[in-house]
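K.L.:
In the working numbering, the protein residues as written are 4 to 252. Every residue, glycine too, gets a C-beta built ideally from N, C-alpha and C.
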């Protein structure tokens with residue numbers, strides 16, 4: 004495939020990735036700004052994607068993801084092995100604990116929520132599929148980062164900034180935290196990303212010792228206490244081992 008064609012495909016995907024749950028509709032100017040290309044070039048890409056029903060153009064000159072993306076997403080989800088295997092475990096865990104269960108993976112410099120089963124209780128953690136969070140704050144992010152390459156860890160350490168009073172911002176303390184996670188094979192967060200929330204997370208590992216996902220359980224600390232969270236870790240670890248075995252066979 005010619006280099007120009009490869010570049011065009013990359014640019015088209017960059018446009019599609021501009022849309023998220025917080026920005027489901029975007030203007031030409033905003034898309035151009037997000038992908039770092041001139042408006043004239045961006046407009047040509049948008050016109051092509053609209054013609055393929057990958058994007059929809061509205062009368063107010065904004066754009067959103069089109070019907071073709073919805074169809075492809077539905078097909079991908081229906082035949083996605085991780086989705087088929089992991090989601091039933093998440094529902095079972097949520098039903099048993101009544102707390103929110105989330106599945107995270109690492110994409111670039113973020114952890115992304117791939118699946119979420121909401122709490123059955125009124126006071127709950129609100130997370131949406133597709134949400135992107137810091138890798139260096141929260142149990143899910145730390146469970147992934149603890150098994151990441153050294154250069155990735157160093158990159159993320161440079162970003163340490165306080166989000167709440169509980170966020171770990173000291174480099175040595177953070178490195179020690181990652182070491183403890185590897186030794187115990189679980190991560191815990193005491194409101195590092197959102198005050199008043201306790202979360203635990205266990206990595207789902209491949210045969211090479213890489214964390215391909217992190218399964219997280221979270222709830223308000225008034226209800227989901229440290230004692231209760233720690234008591235659930237063996238159950239969470241057992242589930243993650245079962246998931247890994249099924250994913251890799």
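Between residue 205 and residue 239, how many whole angstroms is the CB-CB distance? I'm expecting something under 8 Å.
P.N.:
Between residue 239 and residue 205 the Cβ distance is about 5 Å, and since that is below 8 Å, they are a contact.
K.L.:
Under 9 Å, do residue 130 and residue 105 count as touching if we go by C-beta distance?
P.N.:
Yes; because the gap between Cβ atoms is below 9 Å, this pair is in contact.
K.L.:
Between which two residues does the alpha helix (DSSP H) containing residue 185 stretch?
P.N.:
Segment 174-187, the alpha helix (DSSP H) holding residue 185.
K.L.:
Can you give me the Cβ contacts of residue 138 inside the same chain, cut-off strictly under 6 Å, excluding the 5 residues immediately before and after it?
P.N.:
Closer than 6 Å at the Cβ level, and outside the excluded window around residue 138, lie 114, 144, 148, 159.
K.L.:
Among 31, 165, 197, whose alpha-carbon lies nearest the alpha-carbon of residue 62?
P.N.:
Nearest C-alpha to residue 62: 31.
K.L.:
Can you check DSSP and say which residues form a bridge with residue 60?
P.N.:
Answer by DSSP bridge pairing, in chain order: 66.
K.L.:
Spatial neighbours of residue 190 within its chain, please: CB distance less than 6 Å, with the 5 preceding and 5 following residues excluded, ordered by chain position.
P.N.:
Same-chain partners within the cutoff: 142, 145, 146, 184, 204.
K.L.:
Rounded to the nearest angstrom, what separates residue 103 and residue 175 at their Cα positions?
P.N.:
Taking the straight line joining both Cα atoms gives about 31 Å.
K.L.:
What are the residues that DSSP puts in a beta bridge with residue 169?
P.N.:
Answer is none; residue 169 lacks a bridge partner.
K.L.:
Identify the continuous alpha helix (DSSP H) that holds residue 43 and give its terminal residues.
P.N.:
From DSSP, the alpha helix (DSSP H) with residue 43 extends over 42-54.
K.L.:
Which runs of the alpha helix (DSSP H) fall wholly inside the stretch 86-151 and span at least 4 residues, in chain order?
P.N.:
Fully enclosed alpha helix (DSSP H) runs of 4 or longer: 142-148.
K.L.:
Looking at the structure shown, is residue 35 part of a helix, part of a strand, or coil, going by DSSP?
P.N.:
Residue state, collapsed to three classes: helix.
K.L.:
Just list the residues that DSSP pairs residue 207 with in beta bridges.
P.N.:
Residue 207 is bridged to 216.
K.L.:
Compare the Cα-Cα distances from residue 73 to each of 231, 223, 228, 19 and report the closest residue.
P.N.:
Here the closest residue by C-alpha is 19.
K.L.:
For residue 248, is the classification buried or exposed, using 16 other Cβ atoms within 10 angstroms of its Cβ as the cut-off for buried?
P.N.:
Exposed, because fewer than 16 other Cβ atoms sit within 10 Å of the Cβ of residue 248.
K.L.:
Does the beta-carbon of residue 219 have 16 or more other beta-carbons within 10 angstroms, so that it is buried, or is it exposed?
P.N.:
By the neighbour-count rule (16 or more Cβ atoms within 10 Å), residue 219 is buried.
K.L.:
Note the first and the last residue of the continuous alpha helix (DSSP H) segment covering residue 224.
P.N.:
Per DSSP, residue 224 belongs to no alpha helix (DSSP H) and is neither H nor E.
K.L.:
Would DSSP call residue 252 helix, strand or coil?
P.N.:
Reduced to three states, the DSSP call for residue 252 is coil.
K.L.:
In the DSSP assignment, what residue or residues form a beta bridge with residue 192?
P.N.:
The partner list for residue 192 (beta bridge, DSSP) reads 202.
K.L.:
Hey, could you find the ends of the alpha helix (DSSP H) residue 159 is sitting in?
P.N.:
Per DSSP, residue 159 belongs to the alpha helix (DSSP H) from 153-160.
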